[in-house]
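Going down the list, the protein sequences come from chains A and B. Numbering-wise (my numbering), the first sequence opens with residue 6 and increments by one. Numbering-wise (my numbering), the second sequence opens with residue 941 and increments by one. Each remark here refers to the structure printed beneath this line.
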Amino acid sequence: MKVYIAYGTVSAVMLLITILFYSYKNWMALRKNAIYIWLLICAFIAVSTDVALGYASLQNARYKEALDTLSGVIMSVALLLLYLSLFLYDMAVTCRMRFVRTSLFCIFLGLIAAAGIISVISPWVGLSTFSYPNQQNYGARGNMLQAGVIVICLCAGIIVLVRGRKKLTKRVFCVLSVSQALLLFDVFMQVVLKARNLASYYTLAGVLISYYILLHNMDQYRSFSSFCFDRDGFHEVLLERAYYKEDFVCLGICINNIESITNFCTEAEIAQLHQRLGRILRSICGRHNVYHIHSFEYMVLLRGRENAGKKHQILEEKIPSYFRIDNKNISLLCGFYSVRFADAAYDAAEFQRTIISMRKLTLEQMNRDNLVYYQGENREEIKHDLEALRVVNHCIALHQFHFAFVPIRSLHERDSISYEFVLQEYLEDGTEISQENIWNLAAETGYIREAGHIAFEMLCKAVQKRGIPASGGTKYHMNLLSSQLATTALAEEYIQTLKSYDIPGDRICIELTIDQRADGEKLEECFAVLRGYGISILLDQFGVTVCNLKNVLNMSFDSVKINRHMVQTFCDGKNRQLGYMVHMLNARNWTLYLDGIDDIDMLGVLSDMKVDFIQGMAVRADSAVENDAAGVVLPDGVLGGGPVHV
Amino acid sequence: MYEIHFEIAAAGFFCLLFLANLLKKQLQSRRTAAFQILLCVMMAASFLVAGSDLCMFYYGTCEGTTLIKAASLYAEVLCLVSFHCYILSAAYRLSLDSPLLLSECILFVFMTVIILSSPWTKWCFYLDGNGMFHQQTPFLVICLFLMEHLVMDIFIVWVHYKEHLLQRRVFYSLLILMFFCAVAAEMTQKVKVEGVTVFILFVLFAFYLSLQSPDFYVDTSTGAYNRDGFFEVLRERIAYCRKTSCLLVRVRNYHSMNQIYGEETLQEVQRQIYDILKKNSANGIVYHVGASTFALILKDENLLKGVYEQLSVKIPTEWLVEDEVVRHEYSFYQISYPKDCQDYEELVQRIHYARSDHESRHKAGSLTLLHWGAVKESEAKKKVAHLLEEAVMDNSIEIQFQPIYSIEKDKITSLEVLARLKDENKNYIDPEYFIHVAEENHMIIPLGEQIFRKACIFASRNRIFDYGIEDININLSPGQCRYEKLTEVLAGIAAEHGIPMAKMHLEITESEFTDADAVSRTLQRLKETGAKVALDDFGTGYSTLSNILELPVDFVKIDKSLVWSFAEGKNQFLNDLMPMIKAEGKKIIAEGIETQEHIDIIKRLQGDFLQGYHYARPLPEKNFMRFLKEFNAQC
């Protein structure tokens, strides 16, 4: 009994197990993965054929020659394909697959095809290129050709690896180069030393299995709960597609109620939920295409937008609205969106940014029937949002905003002009990002308080440069959100800033926009601290902000500003609320400001009302003439925009 | 001789598996360690078995051969023992201070002495002059002892591994069967043990590839252990009742930064954060448990506090990556076992709490202690969410009806449908609270549909329109308005029960988080079906004055607290608010009418409808119908 059969058998079985598990684990749609499975299959065919037919020929002396010939032919072709795959694999891992479209590769392929054809036809056409004395396969000239091709493949592979080593980690480079050197040595042993290496198949199987364990095991890309590929796997695929500029469509599936699921399900139940959902998605969309990129988001890679629509229809029907797990009904609210890679200009980073925005848009909806496409209004909205977010983030990073002073006129003392400090930023197309939006975006980046301080400091700098009139009631109004005044420590910081610029508190008025999250008690504490330094507090945006009217009207504001929308609709005769509002607010003894006086004629409509200050385009036109010398040069050459440029 | 090569081939692959596994990042758990030991022992045993056979083949019986044979037998026993330990560790039963394990250790020492001394004492076996292997009674006893352990392992696998995957249990059973065959082969001396080793290799390799790979627990982006690894280690530590303190570090603004800078830039930042955490972890292990969250497992709280103090200073808030400045804010959380939680599930729930996107839960820079008090509110919500889920699924939400009196017609002309939910003690839960939970949990759509359907069934069954009722008032959550098919669904339900939509009166409560466009769109559509719309909780809810003008509402409902405080002289808003609403042509429903004084106030201020305990509390179906018939009969 030939001892090599023992090694061959063990190698063949190990390769078979690897193939089975590699396929079972649903390899990711990467070029190197697709080639690797071919490597395994070719190696298995070569090894198992040689072992099986070798064993058969030992048992059956009558057909020995025929069996040996058949074994030789199959093995030769399988080995040629194996080493070609190995070369392709090296190109795939170093991102050089474009080489397969070159004429040089065609010549190379032709050479391999020629060697393969000669190997196959030799026994039948009587070419004495093969001989199998004692399994010394590489003895004949034909086999020398085959060995030559294999050596070229291996050498070309090593060259590709060396040239593309920057694209590989040190570990990957070492494993690939050492293993190929080992295979080269194996061929050398057989061709030059004419000694069949006992461990030849064993080496091959060992190398390929090492590849699997060290480089190719995709467990690190698999979600433990859903058994789909994870975020990192998706990222890998995305990078490769971006590199080769391949278009595809992403069908995103967001679970809208994951927060509630995690709140009331155990870890095991959540895992089961993902397991079932993952199974449904894989069965409908294909094993290789489903990625579990976040605990509440799955992604399916598809070809063509129509395909995404079709899959959405099927998924909408097949994904149940609830799962019954451990005697518990777990409801599942899904949202769907679709983005095309080409829409992000094959840029992986841009694509991922788009995905995040689409996810946000989808999560805001509660409608599984609707597939949200990245086109039309959605696309414009996302583009604007992203750009605005970048602009605001950039401003916070630079500690600088564009701003303007908007004049406010007293109706009692005509010469008294106050100014509202307003942040103004613009998108590339000239669209203004409103103050409200700037605060919202700053809140989104997590820097709402910092943004408030930056703006406040800029106000102080600007006020200092303008010079503070010794007399007169000129005040500077600063807009803040209730979250920017959440603690007394924050209020004290504002006071410290004022002190550092020697600005008396009575020249500052904080215009506070109250929102639903505002904590009345804490705000009152802050008001007390600010008032201690003479700062007055104004309730801003009255009439349009979402608030608890009863609570807000019981707070200790000094003044209130009615929003321009309420004023303008009143002047246009579209509402009659303003009169009642003014009456109600006057009853609180609050100083009253009206915003939105864009036309001096509007004052006539409002003449019966007990109003103290007005603000708007009419005031700007009026005061700009009187205050044309009021402009100041801002630090670092930042230009203020808006009504009164400073 | 032929079988020896199988043994050598298997040993080679065991060696490859062991070395490759050694190169990988291994999770620090007992199960992983036990598996690594098993691989090592299997490799050694295969080489020793092959070595002893080769010695026998080439040198026959000699002292060296007997020694190697003893060593190979001992290695085989070691394989079974380490496999048994692996099975125990997978079931979290490898407790080092357990008396059972101690007694097994003593027995193992005895076995070691008996086997390794055999070349001289012949207690276990001896080789005759022809190289034949002869067993002694202790050998058989050892074999039986090992077989008994394998049977015990089968029992553990199928009784104590219930939470494990079936696939894992099948693999364990296959391995147990293989080892059983190996012991039987040694006992009977009829089958060569080498053949069995090859099969063990195949099963072990398949098991490794499918379920035991250390890659399961590694995060590719940072190289840290991942979320699964974190939970695996936590589960094991708690199973062995080991004191555990977890420090969670969460990047608060990860998503917005990701939107601005993209995944790759942020991954680079994450790698750097991981390095800093590793350097300052005080020998704790760092895990990357989510895109924005890292976790450290430490032995005690004091150590954790020290690490937190260091980290709060050392983790920068600004990162420079490829000329881009990425700014991050961090929140820190602490949870200790057994101090702050009793079991694994509780611990995991607290971790979920820290990882959730609720902005109010995260404070920049500070260390939040996730003890029971910190999560009390979320635990309460969890319970209500569960009850709601059950109610939605079982169609068991209870509805009651409160009459609404028309000043103009001097009778009850409408009713408000109010949902009721009971807790486990059969007490009613505050409707505002459970509706809020339903909104948060996205259960409001099925819940709303259920309430609407039940209201229609009630109206149709009791023919309420024959008793003077003109409108059925039902609350509508802003969350429902985001459901595009809401109008069609509600109209469909009403039609199903023969109720005209014109009889339906939907009351919407505004909130800041409402999608104003969606609300406006839905209300408009509802009006097109003939339904009427009211703005609920006006004055105290989260509403805006401009909504009276902007939203297509027919009615405004004044909240009871406003009515009460006005009656007590604590505010005068109603003097202006009510005329203001009337001036816009809306009708007013006043809630909280409890006294004649309240009625007089609302009448004086030109209100249209009254609702409150003065007329009736919310009543169950039968009581309401009785009340309605009696009241309207008197009018």
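Cβ coordinates follow ideal geometry from the N, Cα and C atoms, glycine included.
Check: If I measure Cβ to Cβ from I1433 (chain B) and keep anything under 8 Å in the same chain, skipping five residues before and after, which residues do I get?; Outcome: E1389, F1392, R1393, C1396
Check: Counting along the chain, where does the alpha helix (DSSP H) carrying D1476 (chain B) start and finish?; Outcome: Here D1476 (chain B) belongs to no alpha helix (DSSP H); instead the beta strand (DSSP E) covers 1472-1478.
Check: Any residues in the segment 262-277 of chain A with a beta carbon nearer than 8 Å to a beta carbon of chain B? Which ones, in chain order?; Outcome: N262, E264, S265, T267, N268, F269, T271, E272, A273
Check: Just by C-beta distance, which residues in the segment 345-357 of chain A are closer than 8 Å to chain B?; Outcome: A353, A354, E355, Q357
Check: Could you name the residues of the same chain whose beta carbon sits closer than 8 Å to that of M19 (chain A), not counting the 5 residues immediately before and after it, in chain order?; Outcome: A210, I214
Check: Have a look at I1291 (chain B) and K1245 (chain B) and give me their C-alpha separation to the nearest angstrom.; Outcome: 18 Å
Check: Can you tell me the Cα-Cα spacing of I46 (chain A) and E245 (chain A), whole angstroms?; Outcome: 24 Å
Check: Is P1440 (chain B) near K1467 (chain B), with beta carbons less than 7 Å apart?; Outcome: no
Check: Could you list the residues in the segment 1350-1367 of chain B with a C-beta less than 8 Å from some C-beta on chain A, going in chain order?; Outcome: none
Check: With C-beta atoms as the reference, is T518 (chain A) less than 7 Å away from E462 (chain A)?; Outcome: no
Check: Quick one: which chain A residues come within Cβ less than 9 Å of G952 (chain B)?; Outcome: Y12, V15, A204, Y207, G211
Check: When we look at the beta-carbon of N142 (chain A) and count the other beta-carbons within 10 Å, is it buried (16 or more) or exposed?; Outcome: Note on N142 (chain A): pLDDT 46, under 50, position unreliable in the model; no value is reported.
Check: CB E264 (chain A) to CB S1029 (chain B), shorter than 7 Å?; Outcome: no
Check: Using 7 Å as the limit for Cβ to Cβ distance, is V1266 (chain B) near chain A?; Outcome: no
Check: Since K1351 (chain B) sits in a beta bridge, which residues does DSSP pair it with?; Outcome: B:S1346
Check: Listed from N- to C-terminal order along the chain, which residues in the segment 1200-1226 of chain B have their beta-carbon within a distance smaller than 9 Å of any beta-carbon of chain A?; Outcome: I1200, Y1201, G1202, E1203, E1204, T1205, Q1207
Check: Rounded C-beta distance between E418 (chain A) and G478 (chain A)? I'm assuming under 8 Å.; Outcome: 7 Å
Check: Please confirm if V18 (chain A) has its CB atom under 7 Å from at least one CB of chain B.; Outcome: yes
Check: Measuring alpha carbon to alpha carbon, tell me which residue in B:A1431, B:A1474, B:K1425 is nearest E1447 (chain B).; Outcome: B:A1474
Check: With A1235 (chain B) as the anchor, note down where its beta strand (DSSP E) starts and where it stops.; Outcome: 1233-1238
Check: So, using beta-carbon positions, are M1118 (chain B) and I1082 (chain B) closer together than 7 Å?; Outcome: no
Check: When the Cα of K333 (chain A) is compared with those of A:N383, A:F269, A:E369, which residue comes out closest?; Outcome: A:F269
Check: Taking 7 Å as the CB-CB limit, is Q225 (chain A) close to chain B?; Outcome: yes
Check: Would you call E1537 (chain B) buried or exposed, if buried means 16 or more other Cβ atoms sit within 10 Å of its Cβ?; Outcome: exposed
Check: Any idea which residues DSSP pairs H1445 (chain B) with across the strands?; Outcome: B:N1413, B:K1472
Check: Buried or exposed: K1009 (chain B), going by 16 or more other Cβ atoms within 10 Å of its Cβ?; Outcome: buried
Check: Counting only Cβ pairs nearer than 7 Å, list the residues of chain A close to L1582 (chain B).; Outcome: Lying before the first or after the last residue shown, residue 1582 (chain B) is absent from chain B, which here runs from 941 to 1575.
Check: Exposed or buried, what is N1365 (chain B) when buried is set at 16 or more other beta-carbons lying within 10 Å of its beta-carbon?; Outcome: exposed
Check: Is K316 (chain A) close to chain B? Criterion is C-beta to C-beta, closer than 7 Å.; Outcome: no
Check: Leaving out five residues on either side along the sequence, give the residues of the same chain with a beta carbon under 8 Å from the beta carbon of R227 (chain A).; Outcome: K30, C233, F234, D235, G238
Check: Does DSSP put N312 (chain A) in a helix, in a strand, or in coil?; Outcome: helix
Check: State the DSSP-derived secondary structure class of L173 (chain A), mapped to helix, strand or coil.; Outcome: coil
Check: Is there a C-beta anywhere in chain B that falls below 7 Å from the one on V653 (chain A)?; Outcome: Here chain A covers residues 6 to 651 and nothing more, so residue 653 (chain A) does not appear.
Check: Can the beta-carbon of K555 (chain A) be found closer than 7 Å to that of L1517 (chain B)?; Outcome: no
Check: Enumerate in chain order the residues of its own chain whose CB-to-CB distance from P1527 (chain B) is below 6 Å, with the five nearest sequence positions on each side excluded.; Outcome: Note on identity: in this sequence residue 1527 (chain B) is Lys, with Pro being the wrong assignment. Result list for K1527 (chain B): F1495, D1548, in chain order.
Check: Flag this pair as touching only if the segment 1204-1213 of chain B and the segment 1245-1263 of chain B have three or more C-beta atom pairs under 8 Å; answer yes or no.; Outcome: yes
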